[in-house]
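Encoded as structure tokens, the structure appears first; notes follow it.
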Ligand code: SAH
């Protein structure tokens, strides 16, 4: 099975730059061992004017059968022959996408160490797949690739057998894509859409497939008209994972629609409003209050849940008493901005060993978050729909269970003091709700009782005698005696937040 990628060029801007972008030298034939066979990369043509790279995967069908039997799936007797005689060695299936991801890993990530300036540039590309399994036919191929910026998407049905045209067409098509695209965008589309068209994932779909899908789909999947079909098929119709993916795509869409991340807007709005009254912006005072609460709790290993663009992570890094800092956010874009802000790439080993950024949704339990001293949810809960909140509560207080949890959220009573905020409006478009002091305390008290925490309240910003402070913070501390936690089970553990 075969994929060719071609580009054209000139003497100053030679087509052979494709070799740098793919991290594969045009003068060599290279082989790579993958879990299902050997992948070969070679260049049928390599001149300044035209350069074509080919990826060929030699599948070992016998190894494939052994693997799947090892996986405990025994085939029905009449399927015995089909195990050995199948399309896997010939068609650009999901196996091929795995090989693509492995062989062109750096190109897929859009990095080009030798010539960084090349990676960000669109260039004329022609991608050809001579035998693409297409469940859903040429029409689906058009619907999938059509909206992705190609100037031409051509499919040609392939006959079942050329000698017997009366047998009709097979479910394979020849696909040719042409257009000006960045190579990494093109590769990430193929990485996702080949298995979607194949619709026969050969491996067990683990929860981290959602992360892979969102990483590869960053920048194009959320707004794709067929994103629901793409997610469902990519995740082999696994309900829980598909739902997770859909939610995270929706958040990505919201962020795109806003033109900036939620956190950024929150800060911008509050900073200008607060500036008028006091010289210290509210966002800064919030961070100071959080740092003070973490220090007095003696926390060293800290989670920043919904870290946004990493302002708090940055502040935590400046204090060496915080030995391990983990920022978690659902938004890939926010995390990319955070990584830039922190200069993660240029950080020394000492510093970088203290900080980790993770993508994940707080509405699901996540083993990676267990065992920390403290977790901060700064201006995050109000971004979740109320019915989803119990899932977050379980994931944080029930499963991750840090000793200290800090939650900050706007105090809606204070909104009358924001001069530029029209009456009855929340502070940010993406806020699903804003609580009064009483509502916040009722919620926090319920959560504390259910999960065995005690809770105290700290005002952040000027505490107005009438309407209270602009930001309210709850400091939860885990009750040390085990009986309180046993009480949790008695009230019943919400099912919604549990991992798939
Ligand atoms: N903590 C930062 C950012 C607050 S904005 C600050 O105080 O400035 C809210 C952040 O929560 C956004 O970055 C958003 O992407 C993130 N978020 C919203 N829902 C989430 C979820 N279910 N899982 C993880 N992060 C989420």
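Numbering (the numbering used here), first residue to last: 1221 to 1720.
Built from N, CA and C at the ideal position, the CB exists for glycine as well.
Here the structure is a predicted model, which means the values were calculated and not measured.
{"Asked": "Any non-hydrogen atom of the ligand SAH closer than 7 Å to residue 1534 Cβ", "Found": "no"}
{"Asked": "Where residue 1314 sits in the DSSP three-state scheme", "Found": "helix"}
{"Asked": "Contact test: residue 1651 Cβ vs the ligand SAH heavy atom, cutoff 7 Å", "Found": "no"}
{"Asked": "Burial state of residue 1541, where buried means 16 or more other Cβ atoms lie within 10 Å", "Found": "exposed"}
{"Asked": "Residue 1394 (DSSP reduced to helix, strand or coil)", "Found": "strand"}
{"Asked": "Cα-Cα separation between residue 1532 and residue 1617, rounded to whole angstroms", "Found": "21 Å"}
{"Asked": "Pairwise C-alpha distance: residue 1659 and residue 1317", "Found": "50 Å"}
{"Asked": "The segment 1500-1520 / the segment 1549-1569 touching (three or more Cβ pairs under 8 Å)", "Found": "no"}
{"Asked": "Any non-hydrogen atom of the ligand SAH closer than 7 Å to residue 1371 Cβ", "Found": "no"}
{"Asked": "Alpha helix (DSSP H) segment containing residue 1668, residue limits", "Found": "1657-1671"}
{"Asked": "Cβ-heavy atom distance, residue 1504 to the ligand SAH, below 7 Å", "Found": "no"}
{"Asked": "Separation of residue 1402 from residue 1271, as counted between CA atoms", "Found": "16 Å"}
{"Asked": "Selection from 1247, 1418, 1275 and 1554 that minimises the alpha carbon distance to residue 1314", "Found": "1418"}
{"Asked": "DSSP state of residue 1579 mapped onto helix, strand, coil", "Found": "strand"}
{"Asked": "Stretch-stretch touch, CB-based, cutoff 8 Å, three pairs: the segment 1315-1335 with the segment 1236-1249", "Found": "yes"}
{"Asked": "Near the ligand SAH: residue 1680 beta-carbon under 7 Å from a heavy atom", "Found": "no"}
{"Asked": "Proximity test, residue 1531 beta-carbon vs the ligand SAH heavy atom, cut-off 7 Å", "Found": "yes"}
{"Asked": "Residue 1549 - partner residues in DSSP beta bridges", "Found": "1579"}
{"Asked": "Given residue 1473 as reference, the closest of 1458, 1269, 1441 and 1456 once Cα atoms are compared", "Found": "1441"}
{"Asked": "Beta-bridge pairing of residue 1377 - partner residues as DSSP gives them", "Found": "1393"}
{"Asked": "Close Cβ partners of residue 1228 (< 7 Å) along its chain, the five nearest in sequence each way excluded", "Found": "1235, 1269, 1270 and 1344"}
{"Asked": "Option in 1265, 1678 and 1278 with minimal Cα separation from residue 1255", "Found": "1278"}
{"Asked": "Local conformation of residue 1441 per DSSP, three classes", "Found": "coil"}
{"Asked": "Cβ contact check for the segment 1522-1537 and the segment 1589-1609: 3 or more pairs under 8 Å", "Found": "yes"}
{"Asked": "Reduced DSSP secondary structure (H/G/I, E/B, other) of residue 1616", "Found": "helix"}
{"Asked": "Buried or exposed (CB count within 10 angstroms, at least 16 for buried), residue 1412", "Found": "buried"}
{"Asked": "heavy atom of the ligand SAH below 7 Å from residue 1549 C-beta", "Found": "yes"}
{"Asked": "Buried versus exposed, by CB contacts within 10 Å (16 or more), residue 1607", "Found": "exposed"}
{"Asked": "Under the three-state DSSP convention, the category residue 1240 falls into", "Found": "helix"}
{"Asked": "First through last residue of the beta strand (DSSP E) which encompasses residue 1264", "Found": "1257-1266"}
{"Asked": "Cα-Cα separation between residue 1494 and residue 1503, rounded to whole angstroms", "Found": "No answer about residue 1494 holds up, because its pLDDT of 39 lies below 50 and its placement is not dependable."}
{"Asked": "Rounded C-alpha distance that separates residue 1593 from residue 1664", "Found": "19 Å"}
{"Asked": "Check: residue 1526 C-beta below 7 Å from any heavy atom of the ligand SAH", "Found": "yes"}
{"Asked": "Test: residue 1616 CB closer than 8 Å to a CB of chain D", "Found": "Here there is only one protein chain, and chain D is not present."}
{"Asked": "Residue 1574 CB to nearest heavy atom of the ligand HEM below 7 Å", "Found": "Although the ligand HEM was asked about, the structure shown includes only the ligand SAH as ligands."}
{"Asked": "Best match in 1250, 1338, 1574 and 1361 for proximity to residue 1410 [C-alpha to C-alpha]", "Found": "1361"}
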